């Protein structure tokens, strides 16, 4: 089963002041749970927009509301 996990953080969490190891908060690190700097990909994201990352590509996801009954 696939899951969509929404992350809003654009940078890592530092455990202690001066600590070189940082925890990934953006979800894009290839070295989970540690940060590898991939959060740099998020620097130009717009607030209240949804993005899908796969490998080195990023796509903006648009969700449209519809009315009526479907089935």
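In our numbering, the protein residues as written are 39 to 109.
For every residue, glycine included, the Cβ atom is placed at its ideal position computed from N, Cα and C.
Fair warning: this is a prediction, and the values are worked out from it, not measured in the lab.
Within the same chain, show all residues whose beta-carbon is closer than 6 Å to that of residue i, passing over the 5 residues directly before and after it, in chain order.
i: residue 88; result: 99
Tell me whether the beta-carbon of residue i lies closer than 8 Å to the beta-carbon of residue j.
i: residue 45; j: residue 65; result: yes
i: residue 79; j: residue 96; result: yes
i: residue 40; j: residue 63; result: no
i: residue 72; j: residue 58; result: no
Taking its Cβ as the centre, do 16 or more other Cβ atoms sit within 10 Å of residue i, making it buried, or is it exposed?
i: residue 50; result: buried
i: residue 90; result: exposed
Might you give, ordered along the chain, the residues of its own chain that have their beta carbon closer than 8 Å to the beta carbon of residue i, omitting 5 neighbours on each side?
i: residue 68; result: 74 and 76
i: residue 83; result: 48 and 89
Have a look at the DSSP bridge pairing and note the partners of residue i.
i: residue 95; result: 92
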